[in-house]
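>
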Amino acid sequence: MPNGRCYGGRCKTRDAQCWRLWGHSSADRICYEKLNPEGSERGNCGKDSGQNWLPCNKQDVLCGFLLCSNVTQRPRVGDLQGEISSITLYHQNQYLDCLGGHAVLDDGSDVGYVEDGTLCGPGMMCLDQHCVPLATFNLSACPGSSPSRICSDHGTCSNEVKCICDLGYAGKDCSVLDPILDPTLPDDPEQHKGPSGTNIIIGSIAGAILLGAIVLGGTGWGFKNIRRGRYDQADQ
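The numbering used here puts the first residue of the sequence shown at -10, with every later residue one more than the last.
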């Protein structure tokens, strides 16, 4: 199943909703399949007019109560209503954590359910806790390698009905493999620069000092020889 599709200005997935609400990823699909058909506080598809929990139909389990792999003590958004539901299932030699809670916003809406516009199957999206065909939303479909593989499963369909390809893929339907190449580092521009003004000044000073030392040394040597010559003449 593709990762998601833009609806209402956001790309909605169960993972993204769990991270935004609780700071953790979505629970395993088994959690949705086992708990949401119960019609209980720990798994349901909402309430009826008498405030009784509604069980999810088999095809709607991914659109019901939002189940995550872990939760914080308080939701990041809204106020916690009731207690956090925490169930651990054993499936295929592994333990699966299935947690959720009802977080209510100021307008009374419960964001503890899977949001409308979340993908729930090939060519299917959630609407009012039901998994319905994309045609219900009156949306044009993005291209793909097949009708059930939107953006070839390598991208996200935007609200402009264009594929936004994952890193490493390209093309209108994201079917073209586009390997990421290591960028070639440009030559070091310092290697091509001539001597700087500072280096020239330092070199000039060093040269002047060296020249002065040679001149002084030569003068001292000559003066010493002249004096020695005078002494020699006086002795004769």
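Glycine included, every Cβ here is placed at the ideal spot set by N, Cα and C.
For Cys248, name the three-state secondary structure that DSSP assigns.
The structure shown does not extend to residue 248, since the chain is modelled only from -10 through 225, so no value can be given for it.
> Between Gly160 and Cys154, what straight-line distance do the alpha-carbon atoms span, to the nearest angstrom?
The residue you call residue 160 lines up with position 171 of the sequence shown. The residue you call residue 154 lines up with position 165 of the sequence shown. Going from the Cα of Gly160 to the Cα of Cys154 covers about 8 Å.
> Closest by CA to Leu156, which one among Tyr79, Glu72, Val150, Ile169?
Mapped onto the sequence shown, residue 156 falls at position 167. Leu156 has its Cα closest to that of Ile169, out of Tyr79, Glu72, Val150, Ile169.
> Give me, in chain order, the residues of the same chain whose beta-carbon lies closer than 6 Å to that of Gly32; leave out the 5 immediate sequence neighbours on both sides.
By one-based count along the sequence shown, residue 32 stands at place 43. Result list for Gly32: Leu24, Asn25, Phe54, in chain order.
> In whole angstroms, give me the CA-to-CA distance for Val60 and Leu166.
On the sequence shown, residue 60 is found 71 positions in, with the first residue counted as 1. On the sequence shown, residue 166 is found 177 positions in, with the first residue counted as 1. Near 37 Å, if we compare the C-alpha coordinates of Leu166 and Val60.
> Any idea if Ala197 is buried or exposed, counting beta-carbon neighbours within 10 angstroms, 16 or more meaning buried?
Counting from 1 along the sequence shown, the entry for residue 197 is found at position 208. Answer is exposed; the Cβ neighbour count stays below 16.
> CB-CB under 6 Å to Ser242, same chain, minus the five flanking residues each way: which ones, in chain order?
Outside the shown range of the chain, which is -10 to 225, sits residue 242, and nothing can be said about it.
> Do Gly28 and Leu43 count as a contact pair if the criterion is CB distance below 8 Å?
As a first step, residue 43 must be located in the sequence shown, where it is residue number 54. As a first step, residue 28 must be located in the sequence shown, where it is residue number 39. Yes, these two residues count as a Cβ contact at 8 Å.
> Taking Val100 as the reference, give the member of Gly106, Gln40, Gly90, Ile203 with the closest Cα.
Residue numbering aside, residue 100 sits at position 111 when the sequence shown is read from its first letter. That would be Gly90, whose Cα lies nearest to the Cα of Val100.
> CA-CA distance, Leu262 and Asp95?
Summary: the structure shown does not reach residue 262, with the chain confined to residues -10 through 225, and so no result is reported for it.
> What three-state label does DSSP hand Ile203 in the structure shown?
Taking the first residue of the sequence shown as 1, we reach residue 203 at position 214. Reduced to three states, the DSSP call for Ile203 is helix.
> Name the one or two DSSP bridge partners that Thr242 has.
Because the chain here runs from -10 to 225, residue 242 falls outside it and cannot be looked at.
> With burial defined as no fewer than 16 other Cβ atoms inside 10 Å of the residue's Cβ, what is the status of Ser164: buried or exposed?
The sequence position of residue 164 within the sequence shown is 175, counting from 1. Burial call: buried.
> Counting C-beta neighbours from all protein chains within 10 Å, is the total for Val103 16 or more, i.e. buried, or is it exposed?
Locating residue 103 in the sequence shown gives position 114, counting from the first residue. The residue is buried, with at least 16 neighbouring Cβ atoms inside 10 Å.
> Candidates Met113, Gln62, Ser141, Gly67: which alpha carbon is nearest Ser75's?
Taking the first residue of the sequence shown as 1, we reach residue 75 at position 86. Of Met113, Gln62, Ser141, Gly67, the residue nearest in Cα terms is Gln62.
> Take Leu123 as the anchor and find which of Leu116, Asp117, Cys131, Gly112 has the nearest alpha-carbon.
Within the sequence shown, numbered from 1, the residue matching residue 123 stands at position 134. Leu123 has its Cα closest to that of Gly112, out of Leu116, Asp117, Cys131, Gly112.
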